[in-house]
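Participant: Can you read through this structure? Questions will come right after.
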Amino acid sequence: MNYLIRRGLNAFGRYTHEFYESVKDANVFETGLEMLRTAKLSGYLIGTYRKDDDGQDIKGIKARVAYLFHPKLEAGVGATFDILERQIGFLSDQYNDEDDTTSQRYWVDATAYLTKKINLQLKLESVKSDLWDEYFRGRLRLNYLF
Numbered sequence: 003m004n005y006l007i008r009r010g011l012n013a014f015g016r017y018t019h020e021f022y023e024s025v026k027d028a029n030v031f032e033t034g035l036e037m038l039r040t041a042k043l044s045g046y047l048i049g050t051y052r053k054d055d056d057g058q059d060i061k062g063i064k065a066r067v068a069y070l071f072h073p074k075l076e077a078g079v080g081a082t083f084d085i086l087e088r089q090i091g092f093l094s095d096q097y098n099d100e101d102d103t104t105s106q107r108y109w110v111d112a113t114a115y116l117t118k119k120i121n122l123q124l125k126l127e128s129v130k131s132d133l134w135d136e137y138f139r140g141r142l143r144l145n146y147l148f
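By my numbering, the letter at position 4 of the sequence shown is numbered 6, and the numbering carries on one by one without gaps.
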């Protein structure tokens, strides 16, 4: 569901049902604001809630802002913060334990518009989590729009 607040600014709500074979399915709810690029600036702010019957719930927020420096070059920054609420059962659920695990992602990205149908995207990301050490990763992607 989308709602046009004004030209270039939308509010939205989404529902997704995720299907899994080995664990219970999950329901995902998202709501947010999206600023479409009408001149130089674009971005979004999204809140997410994921609920499943296995006790693996996630609450999170995601934000990104980008600026068009040149008709052929856009750059942006973003962040994601998630809290995974887990219920861990031991010895056939005789001993249940609840745990909150947080993770954060911070990134910078750039898009070079090579032609109207071809662009090249670069994303460099820092990932921090309670479960894993901090690590960095990057992605270079060539997109063809058809």
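Every residue gets a Cβ at the ideal spot worked out from N, C-alpha and C, and that includes glycine.
#1: By alpha-carbon positions, which one of 109, 27, 31, 25 ends up nearest to residue 14?
#2: In this structure, does DSSP put residue 110 in helix, strand or coil?
#3: Quick one: using the 10 Å Cβ neighbour count with 16 as the cut-off for buried, is residue 76 buried or exposed?
#4: What is the residue span of the beta strand (DSSP E) that residue 37 lies within?
#5: Is the beta carbon of residue 34 closer than 8 Å to that of residue 67?
#6: Assuming contact is defined by CB atoms lying nearer than 8 Å, are residue 140 and residue 122 in contact in what I supplied?
#7: I'd like to check one pair, residue 132 with residue 104: are the Cβ atoms closer than 8 Å?
#8: Would you kindly report the start and end of the unbroken beta strand (DSSP E) that includes residue 125?
#9: Residue 117: which of 22, 73, 86, 136 sits nearest, CA to CA?
#10: Exposed or buried, residue 134, counting other C-beta atoms within 10 Å across all chains shown (16 or more means buried)?
#11: Taking the alpha carbon of residue 148 as the point to measure from, which residue in 119, 85, 17 has its own alpha carbon closest?
#12: Just confirm the distance between the C-beta atoms of residue 53 and residue 29, as a whole number of angstroms; I'd bet it's less than 8 Å.
#13: Determine the closest residue to residue 36 out of 21, 12, 59, 22, with distance taken between C-alpha atoms.
#14: Quick check: the Cα distance between residue 7 and residue 38, rounded to an integer number of angstroms?
Facilitator: Inspection of the coordinates gives the following:
#1: 31
#2: strand
#3: buried
#4: 28–37
#5: no
#6: no
#7: yes
#8: 120–131
#9: 73
#10: exposed
#11: 119
#12: 5 Å
#13: 12
#14: 12 Å
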